[in-house]
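Heads up, the thing below is written out as structure tokens.
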Amino acid sequence: MFLKFKSEVESVLKKALDASGYQIDDLHIEESAHADLASSLSFRLASEYRQSPAAIADVIADAITIPKDSLVGDVQTVGAYINFFASRKFIDDTVHEIFEKKKRYGTGSGKGKVIIEHTSANPNGPLHVGHIRNSIIGDTLARILKTAGYDVEIQYYVNDMGRQVAIVAWAMDRFEFDGQKKADHAIADVYIRANRELGEDPDLVCQIDELMQGIERGDAEMIERFSSATDLAVSGITSTLKRMNVHHDRFVHESMFVKGGEVSALVGELKELGLTEMADSALVVPMPTFDKDLVILRSDQTSVYVTRDLAYHRWKAEQCDRMIDVLGADHKLISNQLCYVLSACGVKEPEIVIFEFVSLPEGSMSTRAGKFISADELLDEVEKQALIEVTKRRPDAEEDFRNHVAKEVGIGAVRYDIVKVTPEKATTFDWESALDFDKLGAPFIQYSHARACSILRKASHVPESIDPARLSGDAEISFVKELARFSYVIDLASRELKPHIVAIYARELAEEFNQFYRLSPVLSAPDDVRDARIGLVECARIVLASTLGVLGIAAPESM
RNA sequence: GGGUCCGUGGCUUAGCCAGGAUAUAGCGCCGGCCUUCUAAGCCGGACGUCCCGGGUUCGAAUCCCGGCGGGUCCGCCA
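Throughout the first sequence, residue numbering follows my numbering, covering 332 to 890 in sequence.
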């Protein structure tokens with residue numbers, strides 16, 4: 332509804348400009364604390380037309396005519412600003428729309444297929460608290476895009492051919508594998524040990540090289556060793572992701588592109604296109620804008636990660652309209668190089684979402700060195716703390732209930748905490764803040780939802796239809812306006828690929844609901860407004876649940 | 001050394017790309033509100049050289065230039 336309101340504001344403003352003889356391309360319409368939408372275009376017209384900004388604003392405002400049944404209700408000027416206010420119809424239509432569409436309210440009209448790749452952590456250990464920033468950003472983006480109307484496929488690219496996997500395969504034979512442990516953690520144990528040993532005795536490194544040549548040749552026994560190791564790790568990773576409500580539709584193994592010939596075909600084409608050169612005995616693509624050449628075949632003619640990644644992207648590009656990769660900041664250069672080569676051979680480039688690193692107070696994390704906090708450990712601790720918090724508040728509740736709520740609140744807190752900050756900010760993990768349930772986060776929003784549900788339970792029935800005209804208090808009106816922003820926020824977040832926009836909206840929505848909750852009693856209201864307010868609470872429940880759903884956070888009916 | 005991202009009250013953070021009206025919110029701090037729809041809530045208060053210096057502009061947290069500080073990358077690793 333807000334989008335429609337905005338376009339109506341644009342239209343009346345444009346007409347008024349024509350009528351009053353001013354010309355400007357950008358209308359400078361923005362959200363404002365002083366109005367539902369405001370324009371500051373008078374400032375820019377002032378110098379060109381040699382008139383005072385305020386005078387121009389008045390002339391334009393006078394020339395504005397609002398059509399009947401418009402979503403625009405009123406126009407006022409304050410100095411040079413032209414302020415637009417939503418009409419009664421805007422309020423009524425919003426409420427009706429939510430009431431009719433229910434869960435589908437806010438779904439956009441995005442068209443086409445999107446393939447989004449996220450997490451794609453190497454299968455050499457469990458996910459750590461850095462990886463899950465990738466997972467949560469990626470999963471939230473996928474949910475945003477689905478809500479925006481796109482057909483979304485979510486992929487995990489499994490690096491099952493690299494040196495790190497070779498080290499894991501080597502280590503599995505050499506050291507005892509703890510079958511009692513969660514598989515990804517047990518893999519990390521032997522992987523860390525192997526790295527230590529390889530570091531101490533460099534002569535062992537040639538054994539790893541042999542494994543890698545074997546896999547490139549297509550040696551069946553070698554492939555079996557690699558894939559059994561990666562499958563184990565991936566199974567552990569998947570169960571961690573599931574705990575966090577993170578889902579992938581498809582796991583694509585990079586070995587597929589070596590076996591299937593896509594990698595060698597691509598290398599052949601790059602040669603034919605004249606994009607490659609020999610450097611020593613390796614094959615490279617010269618990079619004019621990046622100061623170093625990009626190696627795509629080692630001296631022993633085996634492919635490197637980026638070569639397979641190029642084949643993977645070409646394969647993906649054929650199947651979708653938009654391709655999105657969520658990558659850590661360390662991939663910035665290599666992904667730019669990847670895009671350069673893709674466009675040089677006529678393949679559409681992916682849209683890349685980069686997030687900055689999560690580090691520990693003592694420095695950056697490293698799976699190889701065993702310096703990391705695993706996602707499982709974090710989730711365990713957060714759930715434990717959440718149970719303490721639930722028990723504090725609901726000491727008499729059944730144990731099942733408390734456990735259930737603790738899970739929903741704990742996971743929600745982790746997801747919200749990560750998604751609420753813009754991806755380009757580097758963060759430092761610390762336990763105190765991770766386990767702090769007092770800071771405003773998911774529980775605040777979940778609690779608002781539970782409050783709405785509680786009112787609806789006590790109301791015992793939700794009216795079939797709603798008469799929004801009965802909603803007239805300031806808190807009611809501004810809450811409806813906040814509800815109306817939902818699809819606008821989804822649209823914005825899906826275009827800019829910024830999930831934190833939705834997180835911030837969720838908080839603002841909950842804040843507005845709390846204002847309504849405080850100022851407008853529902854159950855004790857006089858009969859004529861009672862039903863309308865119950866209807867509005869139902870709208871609140873729907874939109875709060877949808878917003879939490881987009882964030883991958885559970886919406887408890889009671890907590 | 002070069003590239004890139006970040007720098008906003010004690011801490012965390014929105015706004016910056018598309019410059020405008022009192023700079024967003026939380027934690028922490030001070031003071032209030034539970035016989036009234038769940039107090040994981042609400043109300044009030046204190047706390048700011050928007051890293052620094054120039055420039056552009058009627059107007060700069062926002063754009064440009066130059067610094068400073070931090071992350072990250074610059075492997076025939078992934």
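We put the beta carbon where it would ideally sit given N, CA and C, even for glycine.
Per-residue DSSP class, three states only, for residue i
i                 : result
asparagine 845    : helix
threonine 620     : coil
glycine 743       : helix
arginine 581      : strand
leucine 828       : coil
valine 635        : coil
threonine 722     : helix
leucine 766       : coil
serine 440        : coil
glutamate 361     : strand
leucine 368       : strand
glycine 659       : strand
serine 697        : strand
valine 793        : coil
lysine 738        : helix
phenylalanine 506 : coil
alanine 728       : coil
proline 642       : Checking the sequence shown, residue 642 turns out to be alanine, not proline. Helix, per DSSP.
glutamine 511     : coil
alanine 800       : helix
alanine 479       : coil
isoleucine 821    : helix
glutamate 649     : coil
Reference residue i, options the options, closest by Cα
i              : options                           : result
histidine 780  : Asp798, Asp731 and Ala871         : Ala871
lysine 399     : Tyr353, Glu531 and Val343         : Val343
alanine 369    : Ile387, Asp357 and Phe416         : Phe416
isoleucine 446 : Ala815, Tyr488 and Gly461         : Tyr488
glycine 286    : Ile884, Ser705, Gly567 and Pro799 : Nothing about residue 286 can be read from this structure; the chain reaches only from 332 to 890.
glycine 866    : Thr408, Cys784 and His359         : Cys784
serine 451     : Glu552, Thr878, Val565 and Leu882 : Val565
lysine 892     : Phe621, Val536 and Arg435         : Not covered by the structure: residue 892. The range shown for the chain is 332 to 890.
glutamine 650  : Thr633, Pro681, Ile832 and Gly437 : Pro681
serine 803     : Leu402, Leu372, Leu376 and Ser418 : Ser418
leucine 625    : Leu840, Thr607 and Gln632         : Thr607
leucine 709    : Lys679, Ile749, Glu795 and Asp731 : Ile749
aspartate 661  : His735, Val689, Trp762 and Val615 : Val689
valine 833     : Ile776, Glu693, Leu854 and Ser889 : Ile776
aspartate 611  : Ile627, Arg725 and Glu603         : Ile627
Supposed close pair residue i, residue j - CB separation, criterion 8 angstroms
i                 : j              : result
arginine 864      : serine 851     : 6 angstroms
threonine 478     : glycine 439    : 7 angstroms
cysteine 676      : glutamate 600  : 6 angstroms
phenylalanine 557 : isoleucine 546 : 6 angstroms
aspartate 631     : glutamine 495  : Not quite, the Cβ-Cβ distance comes to about 18 angstroms (not below 8 angstroms), so this is no contact.
Terminal residues of the beta strand (DSSP E) in which residue i lies
i              : result
alanine 414    : Per the sequence presented here, residue 414 reads as asparagine, with alanine not at that position. 412–417 is the span of the beta strand (DSSP E), which, as asked, contains asparagine 414.
glutamate 682  : 682–686
isoleucine 627 : 625–628
leucine 376    : Unbroken run through leucine 376 is the alpha helix (DSSP H), 372–380; no beta strand (DSSP E).
Start and end residues, alpha helix (DSSP H) containing residue i
i              : result
arginine 782   : 773–790
serine 666     : 663–675
leucine 334    : 333–351
valine 853     : Valine 853 -> no alpha helix (DSSP H), and no H or E assigned at all.
leucine 563    : 551–574
isoleucine 546 : 536–548
valine 752     : Premise fails: valine 752 is in no alpha helix (DSSP H) and is neither H nor E.
isoleucine 387 : 384–394
asparagine 453 : No alpha helix (DSSP H) holds asparagine 453; DSSP gives it neither H nor E.
isoleucine 808 : 805–815
isoleucine 355 : Note, isoleucine 355: premise wrong, no alpha helix (DSSP H); not H, not E.
leucine 402    : Here leucine 402 belongs to no alpha helix (DSSP H), and DSSP marks it neither H nor E.
leucine 875    : 858–881
isoleucine 518 : 514–531
lysine 679     : Element bounds for lysine 679: n/a, residue is neither H nor E.
glutamate 600  : 593–603
Those residues which DSSP pairs with residue i across a bridge
i             : result
histidine 459 : Ser705
glutamate 446 : Glutamate is not the amino acid found at residue 446; the sequence shown has isoleucine there. Isoleucine 446 is bridged to Glu484 and Met654.
alanine 610   : Ala613
glutamine 407 : Asn414
threonine 759 : Ser690
valine 833    : Valine 833 pairs with nothing; no bridge assigned.
valine 489    : His584
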